[in-house]
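To keep things clear, I will list the structure first and then write my remarks on it.
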Amino acid sequence: MSEPLLKVRGLKIGATIYPPGEKSRHIDIVHGVDFDLEAGKVLGLIGESGAGKSTIGLAAMAYGRGGVELTGGEVWVNGRDVLQSNMPDKRRLRGAEVTYVSQSAAASFNPAKRIMEQVTEAAIGQGKFSKSDAEARAIALFDKLGLPDPENIGSRYPHQVSGGQLQRCMTALALCPQPDLVVFDEPTTALDVTTQIDVLVAIKNAIRDTGVAALYITHDLAVVAQVSDHIMVLQQGAMVEYGTTDQIINNPREEYTQALVSVRSIKHIEKAPTDTPLLRVEGITARYKGTDFDVLKNINVDIHPGQTLAVVGESGSGKSTLARVITGLLPPSAGEITFDGRTLTPDLATRPLDDLRELQMIYQMADTAMNPRQTVGTIIGRPLEFYFGLKGKAKQKRIQELLDEIELGDGFQDRYPAELSGGQKQRVCIARALAAKPKLIICDEVTSALDPLVADGILKLLLKLQKVEDVSYLFITHDLATVKAIADSIAVMFQGEVVRYGPKSQVLAPPFDDYTDLLLSSVPEMRLGWLEETIANRKMESAGN
Amino acid sequence: MMRIPPAALLGLLFTSVFFFCAIFAPWIAPYGMAEVVGDVWEPSSSEFLLGTDSIGRDLLSRMIYGGRTTIFIATAATILSFVTGATLGFFAAVSGGWVDQALSRFIDLIMSIPSLIFALVVLSVLPTTIWTLIILMGLLDSTRVFRLARAVAVDITVMDYVEAARLRGEKIAWIIFRETLPNALSPLVAEMGLRFIFMVLFVSTLSFLGLGVQPPQADWGGIVKENKEGINYGIQAALYPAYAIATLCISINLIADWVLSRTTSLKGGRG
Numbered sequence: 131m132s133e134p135l136l137k138v139r140g141l142k143i144g145a146t147i148y149p150p151g152e153k154s155r156h157i158d159i160v161h162g163v164d165f166d167l168e169a170g171k172v173l174g175l176i177g178e179s180g181a182g183k184s185t186i187g188l189a190a191m192a193y194g195r196g197g198v199e200l201t202g203g204e205v206w207v208n209g210r211d212v213l214q215s216n217m218p219d220k221r222r223l224r225g226a227e228v229t230y231v232s233q234s235a236a237a238s239f240n241p242a243k244r245i246m247e248q249v250t251e252a253a254i255g256q257g258k259f260s261k262s263d264a265e266a267r268a269i270a271l272f273d274k275l276g277l278p279d280p281e282n283i284g285s286r287y288p289h290q291v292s293g294g295q296l297q298r299c300m301t302a303l304a305l306c307p308q309p310d311l312v313v314f315d316e317p318t319t320a321l322d323v324t325t326q327i328d329v330l331v332a333i334k335n336a337i338r339d340t341g342v343a344a345l346y347i348t349h350d351l352a353v354v355a356q357v358s359d360h361i362m363v364l365q366q367g368a369m370v371e372y373g374t375t376d377q378i379i380n381n382p383r384e385e386y387t388q389a390l391v392s393v394r395s396i397k398h399i400e401k402a403p404t405d406t407p408l409l410r411v412e413g414i415t416a417r418y419k420g421t422d423f424d425v426l427k428n429i430n431v432d433i434h435p436g437q438t439l440a441v442v443g444e445s446g447s448g449k450s451t452l453a454r455v456i457t458g459l460l461p462p463s464a465g466e467i468t469f470d471g472r473t474l475t476p477d478l479a480t481r482p483l484d485d486l487r488e489l490q491m492i493y494q495m496a497d498t499a500m501n502p503r504q505t506v507g508t509i510i511g512r513p514l515e516f517y518f519g520l521k522g523k524a525k526q527k528r529i530q531e532l533l534d535e536i537e538l539g540d541g542f543q544d545r546y547p548a549e550l551s552g553g554q555k556q557r558v559c560i561a562r563a564l565a566a567k568p569k570l571i572i573c574d575e576v577t578s579a580l581d582p583l584v585a586d587g588i589l590k591l592l593l594k595l596q597k598v599e600d601v602s603y604l605f606i607t608h609d610l611a612t613v614k615a616i617a618d619s620i621a622v623m624f625q626g627e628v629v630r631y632g633p634k635s636q637v638l639a640p641p642f643d644d645y646t647d648l649l650l651s652s653v654p655e656m657r658l659g660w661l662e663e664t665i666a667n668r669k670m671e672s673a674g675n
Numbered sequence: 329m330m331r332i333p334p335a336a337l338l339g340l341l342f343t344s345v346f347f348f349c350a351i352f353a354p355w356i357a358p359y360g361m362a363e364v365v366g367d368v369w370e371p372s373s374s375e376f377l378l379g380t381d382s383i384g385r386d387l388l389s390r391m392i393y394g395g396r397t398t399i400f401i402a403t404a405a406t407i408l409s410f411v412t413g414a415t416l417g418f419f420a421a422v423s424g425g426w427v428d429q430a431l432s433r434f435i436d437l438i439m440s441i442p443s444l445i446f447a448l449v450v451l452s453v454l455p456t457t458i459w460t461l462i463i464l465m466g467l468l469d470s471t472r473v474f475r476l477a478r479a480v481a482v483d484i485t486v487m488d489y490v491e492a493a494r495l496r497g498e499k500i501a502w503i504i505f506r507e508t509l510p511n512a513l514s515p516l517v518a519e520m521g522l523r524f525i526f527m528v529l530f531v532s533t534l535s536f537l538g539l540g541v542q543p544p545q546a547d548w549g550g551i552v553k554e555n556k557e558g559i560n561y562g563i564q565a566a567l568y569p570a571y572a573i574a575t576l577c578i579s580i581n582l583i584a585d586w587v588l589s590r591t592t593s594l595k596g597g598r599g
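Going down the list, the protein sequences come from chains A and B.
Residue numbers 131 to 675, in our numbering, belong to the letters of the first sequence in order.
Residue numbers 329 to 599, in our numbering, belong to the letters of the second sequence in order.
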């Protein structure tokens with residue numbers, strides 16, 4: 131058998147960390163990883179944040195981010211151990227033999243230079259192509275990646291194309307020097323689902339047509355199942371399981387992989403709407419100060435007691451603005467909100483304390499939702515003190531009850547937010563909301579920043595609390611799997627309007643309107659061949675029309 | 329166990345010596361502040377360690393009492409400038425809207441007048457007492473603290489935890505002192521060191537120009553002024569206060585650097 135393109139043996143990666151006020155110390159990020167990648171094949175690296183995926187991907191270019199050291203092992207590219215090579219050799223490797231596509235194209239492109247200049251830079255700089263050849267290659271790649279007006283798009287600046295287009299430009303950038311290996315580091319994570327599917331198709335076709343090998347790094351198993359030949363599952367810098375895509379998806383051996391595959395399999399039975407809704411939003415129209423267009427246009431939705439309304443849509447559809455209007459942070463220009471039989475005043479400052487108390491909010495980023503200088507005890511204790519005047523022992527007792535309720539237990543009261551994990555932080559935020567004994571909690575993308583398994587835990591907790599406390603949720607999300615898991619009714623938003631609204635079973639059943647159809651069919655499914663099927667269906671539909 | 333880097337240790341050492349001398353001046357100084365004890369500009373001897381000044385007073389005693397005056401004025405003015413500047417800055421940032429606009433433009437207006445000229449004009453009208461100096465310097469410098477405090481607080485008030493507090497119905501005092509202040513503390517503490525240094529230089533400048541601390545009260549700027557002619561004859565007397573000012577400023581700077589590096593951390597920090 132011929133030598134593989136990329137051969138990694140016993141790769142060990144460490145980093146030096148500098149905790150303030152303490153001595154710096156060394157930690158291991160990757161503990162001895164082995165794998166091979168044949169020319170023209172795609173290997174998916176999957177794992178949660180901190181699993182070492184990106185670090186391994188960068189090591190294929192013999193590179194470590196600031197403070198990271200490649201401490202041991204071998205990385206062979208095209209028969210050379212690149213960890214041992216000197217700086218000029220490494221420079222010849224990067225951008226010529228191995229290239230890299232990062233998660234955020236917007237942050238990676240230089241805003242002051244035209245796209246063409248940046249796409250051809252490595253190809254020309256490495257001396258692989260002349261300027262005219264490289265530009266011809268770039269235009270061919272733009273065309274292959276499905277970018278509009280491939281002849282001229284290169285003369286635009288990065289801010290003049292959309293996020294999905296820029297991500298495809300970045301793929302063109304990586305493919306332009308005709309490399310042997312491309313490292314894709316979460317290339318579609320920052321995109322909306324309907325854009326993600328286009329980029330995925332473009333990447334997959336480009337890999338197939340150019341015969342390049344790829345390392346595809348992502349935390350989304352359903353995505354990696356569509357593009358890779360083999361998958362390696364990583365957890366905390368060590369390999370958990372390695373196999374063909376078919377085996378990992380359909381027949382996972384390790385417990386951890388099984389958990390990843392079966393994520394979001396929560397079953398939630400939809401409740402029937404009641405006669406009197408808890409919250410009624412009627413004809414809400416809103417715009418931000420100093421702008422001349424409506425972010426929300428005539429929104430009408432109800433939330434029933436003890437039930438969940440999921441508001442779903444892409445970024446910019448007005449989901450979070452709806453939350454701001456309901457909480458009173460953004461007074462609407464028209465419309466009325468009724469809460470528990472009372473009409474809510476449009477402005478937060480004029481609402482009575484009980485209205486504030488009964489309507490709580492949980493945020494996407496638990497990090498910024500908690501004051502880093504307050505302990506968990508203070509964070510949860512403040513609403514108790516503020517709304518109910520609890521003090522001393524009674525307050526302590528109630529804080530502990532709340533901590534038990536969110537399954538954290540003893541010893542958390544004196545901790546600071548920085549001493550908690552991502553999932554624990556979000557739980558503390560839930561406890562803070564619960565402390566006010568609310569009737570409605572607005573959850574704004576509360577699971578989006580969390581790893582899939584942790585997010586599952588949070589969703590289960592929210593469902594449990596709904597049963598115990600009989601609280602209603604307004605659940606804002608862009609993730610349809612989450613919606614399926616917890617909603618009773620669904621409102622689909624698109625460009626500031628509710629385009630589809632009703633009980634979950636109706637909203638998720640055909641016949642669909644065009645947008646809901648596009649949205650639903652764009653969510654990657656955890657099976658092989660989903661991408662091809664969806665694209666084929668879409669082609670048939672458009673041919674039928 | 330907290331580890332103090334050597335530079336900060338040096339800073340702490342010198343600063344404590346200065347503050348110790350300032351506080352216990354009457355017990356440490358070998359002679360009285362305004363006591364004429366020898367000839368004009370006597371060289372240093374076992375009797376007068378730093379020699380005598382332009383009218384025959386012991387220079388070491390003048391330096392110690394002068395340090396007491398200078399450090400007292402600088403400390404009081406720094407405290408005043410921080411209390412005023414930080415409170416107004418946070419208030420502007422948390423209130424936003426026209427309150428912020430009005431306050432910020434007013435502060436810009438004051439800052440557009442050079443503070444030394446402003447001080448000279450005011451001091452030529454008002455009676456020059458220590459308290460006038462403190463209030464004038466404190467208020468003038470609070471404009472700079474205002475700018476910093478407002479800038480830091482604007483970043484903090486957009487955080488979700490501040491929004492969460494607003495949604496809870498908290499009053500502005502809670503948002504300023506409980507949500508904003510603890511998170512703005514480390515840049516403010518570091519700035520405090522720098523403002524203190526500026527105050528020392530400012531009061532010394534005013535005294536040197538004759539509008540600051542009035543004789544026979546000793547202060548470092550005044551000692552330079554009284555003895556500046558001596559430099560022509562090779563007399564060191566005017567240089568000692570200059571050394572003292574430089575040493576104090578560098579020491580405080582070293583401490584401020586350490587405070588800033590210790591409390592600015594990704595961990596959030598408890599400091």
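Glycine included, each C-beta is placed from N, C-alpha and C at the ideal position.
*asked:* Residues in the same chain with beta-carbon distance under 7 Å from Arg417 (chain A), minus the five sequence neighbours each way, listed in chain order, please.
replied: Reading the first sequence from its first residue, position 287 is the one you call residue 417 (chain A). So the list reads Phe423, Asp424, Val425, Ser463, once near-sequence residues are dropped.
*Tell me, please, whether the CB atom of Leu451 (chain B) is closer than 9 Å to any CB atom in chain A?*
Start at 1 with the first residue of the second sequence, and residue 451 (chain B) comes out as number 123. No - not a single Cβ of chain A is within 9 Å of the one on Leu451 (chain B).
*Selection from A:Ile616, A:Cys306, A:Gln290 that minimises the alpha carbon distance to Gln248 (chain A)*: The residue you call residue 248 (chain A) lines up with position 118 of the first sequence. When each option's Cα is compared against that of Gln248 (chain A), the closest is A:Cys306.
*Selection from A:Arg410, A:Asn428, A:Leu364 that minimises the alpha carbon distance to Arg472 (chain A)*: Locating residue 472 (chain A) in the first sequence gives position 342, where the first residue counts as 1. Nearest option by C-alpha distance: A:Arg410.
*asked:* For a contact defined as C-beta to C-beta under 9 Å, what are the partners of Ala499 (chain A) on chain B?
replied: Taking the first sequence and counting its residues from 1, one reaches residue 499 (chain A) at position 369. Those are Met487, Asp488, Tyr489, Glu491, Ala492, listed as they occur along chain B.
*Could you check if Leu271 (chain A) is buried or exposed, using at least 16 other CB atoms within 10 Å of its CB as the buried criterion?*
The count along the first sequence starts at 1 and reaches residue 271 (chain A) at position 141. It counts as buried.
*chain A beta carbons: is any one of them nearer than 9 Å to that of Pro510 (chain B)?*
One-based indexing of the second sequence puts residue 510 (chain B) at position 182. Judged by the 9 Å Cβ criterion, Pro510 (chain B) is in contact with chain A.
_Touching by the beta-carbon criterion (3+ pairs, under 8 Å), the stretch 430-449 of chain A and the stretch 598-607 of chain A_ = yes
*Hey, is Arg528 (chain A)'s beta-carbon within less than 9 Å of any beta-carbon in chain B?*
Taking the first residue of the first sequence as position 1, residue 528 (chain A) is located at position 398. No, Arg528 (chain A) does not count as interfacial toward chain B.
*Does the Cβ of Ile622 (chain A) have 16 or more other Cβ atoms within 10 Å, making it buried, or fewer, making it exposed?*
For the purposes of this step, residue 622 (chain A) is identified with residue 492 of the first sequence, where counting begins at 1. Just to set this straight, residue 622 (chain A) is Val in the shown sequence, not Ile. Buried, by the Cβ-count rule.
*Counting contacts by CB-CB distance shorter than 9 Å, is Pro461 (chain A) in contact with chain B?*
Taking the first residue of the first sequence as 1, we reach residue 461 (chain A) at position 331. False, the Cβ-Cβ gap to chain B never drops below 9 Å.
_Cut-off 7 Å between Cβ atoms - residues of its own chain near Leu275 (chain A), not counting five sequence neighbours on either side_ = The residue given as residue 275 (chain A) occupies position 145 in the first sequence. Taken in chain order, the residues that qualify are Arg298, Thr301, Ala302, Ala332, Ala336.
_Would you say Arg478 (chain B) lies against chain A (beta-carbon separation less than 9 Å)?_
As a first step, residue 478 (chain B) must be located in the second sequence, where it is residue number 150. For Arg478 (chain B), the answer is no, since every Cβ of chain A falls outside 9 Å of its Cβ.
*Which ranges does the beta strand (DSSP E) cover as unbroken runs of at least 3 residues, wholly within the stretch 425-463 of chain A, from first to last along the chain?*
426-433, 438-442
*Just how far apart, CA to CA, sit Ser619 (chain A) and Ala477 (chain B)?*
Taking the first residue of the first sequence as position 1, residue 619 (chain A) is located at position 489. Taking the first residue of the second sequence as position 1, residue 477 (chain B) is located at position 149. Near 46 Å, if we compare the C-alpha coordinates of Ala477 (chain B) and Ser619 (chain A).
*So what's Trp660 (chain A) in DSSP terms, helix, strand or just coil?*
Residue numbering aside, residue 660 (chain A) sits at position 530 when the first sequence is read from its first letter. Here DSSP, grouped into helix, strand and coil, assigns Trp660 (chain A) to helix.
*Would you kindly work out how many angstroms separate the C-alpha atoms of Arg657 (chain A) and Phe419 (chain B), rounded to a whole number?*
By 1-based counting over the first sequence, the position of residue 657 (chain A) is 527. By 1-based counting over the second sequence, the position of residue 419 (chain B) is 91. Rounded to the nearest angstrom, the two C-alpha atoms are 56 Å apart.
*Would you tell me roughly how many angstroms separate the C-alpha atoms of Lys334 (chain A) and Ile509 (chain A), rounded to the nearest one?*
Numbered from its first residue, the first sequence carries residue 334 (chain A) at position 204. Numbered from its first residue, the first sequence carries residue 509 (chain A) at position 379. Between Lys334 (chain A) and Ile509 (chain A), the C-alpha separation is close to 47 Å.
*State the CB to CB distance for the pair Pro288 (chain A) and Pro241 (chain A), rounded to an integer number of angstroms; the pair is presumed to be in contact (CB under 8 Å).*
Sequence index remark: in the first sequence, residue 288 (chain A) carries index 158 (1-based). Sequence index remark: in the first sequence, residue 241 (chain A) carries index 111 (1-based). Indeed they touch by this definition, with Cβ atoms about 6 Å apart.
_For Ser578 (chain A), the nearest candidate out of A:Leu570, A:Ala611, A:Val353 (CA to CA)_ = Position 448 of the first sequence holds residue 578 (chain A). Nearest in C-alpha terms to Ser578 (chain A), of all of A:Leu570, A:Ala611, A:Val353, is A:Ala611.
*What's the C-alpha gap between Tyr372 (chain A) and Gly170 (chain A)?*
Here residue 372 (chain A) refers to the residue found at position 242 when the first sequence is read from its first residue. Here residue 170 (chain A) refers to the residue found at position 40 when the first sequence is read from its first residue. C-alpha separation (whole angstroms): 18 Å.
*Simplified DSSP assignment, three categories, for Met369 (chain A)*: On the first sequence, residue 369 (chain A) is found 239 positions in, with the first residue counted as 1. It is a strand residue.
_Ser619 (chain A) - DSSP class collapsed to helix/strand/coil_ = Here residue 619 (chain A) refers to the residue found at position 489 when the first sequence is read from its first residue. Reduced to three states, the DSSP call for Ser619 (chain A) is strand.
*Just the chain A side, please: which residues come within less than 9 Å of Leu495 (chain B) by C-beta, in chain order?*
If you number the second sequence from 1, residue 495 (chain B) lands on position 167. Going along chain A in sequence order, the residues near Leu495 (chain B) (Cβ under 9 Å) are Thr457, Gly458, Leu459, Leu478, Leu486, Leu489, Gln490, Met491.
*For Asp405 (chain A), name the three-state secondary structure that DSSP assigns.*
In the first sequence, residue 405 (chain A) corresponds to position 275, counting from 1. Note: Asp405 (chain A) maps to coil in three-state DSSP.
*What three-state label does DSSP hand Ala345 (chain A) in the structure shown?*
Counting from one through the first sequence, the residue named residue 345 (chain A) turns up at place 215. Note on identity: in this sequence residue 345 (chain A) is Leu, with Ala being the wrong assignment. In this structure, Leu345 (chain A) counts as strand in the three-state DSSP scheme.
*Apart from the five residues just before and just after Asp211 (chain A), which ones in its own chain have a Cβ nearer than 6 Å to its Cβ?*
Numbered from its first residue, the first sequence carries residue 211 (chain A) at position 81. Within the same chain, Cβ atoms closer than 6 Å to the Cβ of Asp211 (chain A) are found at Glu204, the five residues on either side in sequence being excluded.
*Taking the alpha carbon of Ser635 (chain A) as the point to measure from, which residue in A:Ala453, A:His398, A:Gly552 has its own alpha carbon closest?*
As a first step, residue 635 (chain A) must be located in the first sequence, where it is residue number 505. Ser635 (chain A) has its Cα closest to that of A:His398, out of A:Ala453, A:His398, A:Gly552.
*Check the DSSP bridge columns for Lys499 (chain B) and list the partner residues they point to.*
Here residue 499 (chain B) corresponds to residue number 171 of the second sequence, with the count starting at 1. DSSP lists no partner for Lys499 (chain B).
*Kindly list the residues whose CB is nearer than 6 Å to the CB of Thr146 (chain A), restricted to its own chain and excluding five residues on each side of it in sequence; keep chain order.*
Start at 1 with the first residue of the first sequence, and residue 146 (chain A) comes out as number 16. The answer, listed in chain order, is Ser154, His156, Gly197.
*asked:* Let me confirm a value: Lys597 (chain A) is counted as buried when at least 16 other C-beta atoms fall within 10 Å, else exposed. Which label applies?
replied: Locating residue 597 (chain A) in the first sequence gives position 467, counting from the first residue. Counting Cβ neighbours within 10 Å, Lys597 (chain A) comes out exposed, since fewer than 16 surround it.
*Coil, strand or helix - Ser409 (chain B) by DSSP*: Looking up residue 409 (chain B) in the second sequence gives position 81. Ser409 (chain B) falls in the helix class under three-state DSSP.
_So with CB distances below 7 Å, who are the chain A contacts of Glu519 (chain B)?_
Reading the second sequence from its first residue, position 191 is the one you call residue 519 (chain B). The contacting residues do not exist; Glu519 (chain B) stays about 18 Å from chain A at best.
*Please decide whether Met495 (chain A) counts as near chain B, where near means a Cβ-Cβ distance under 9 Å.*
Here the question's residue 495 (chain A) lines up with position 365 in the first sequence. So, interface residue.
*How would you label Phe348 (chain B), buried or exposed, when you count the other beta carbons within 10 angstroms and need 16 or more for buried?*
Against the second sequence, residue 348 (chain B) aligns to sequence position 20. Burial call: exposed.
*Between the CA atoms of Gly394 (chain B) and Gly339 (chain B) - distance to the nearest angstrom*: One-based indexing of the second sequence puts residue 339 (chain B) at position 11. One-based indexing of the second sequence puts residue 394 (chain B) at position 66. Spanning the two alpha carbons is a distance of roughly 21 Å.
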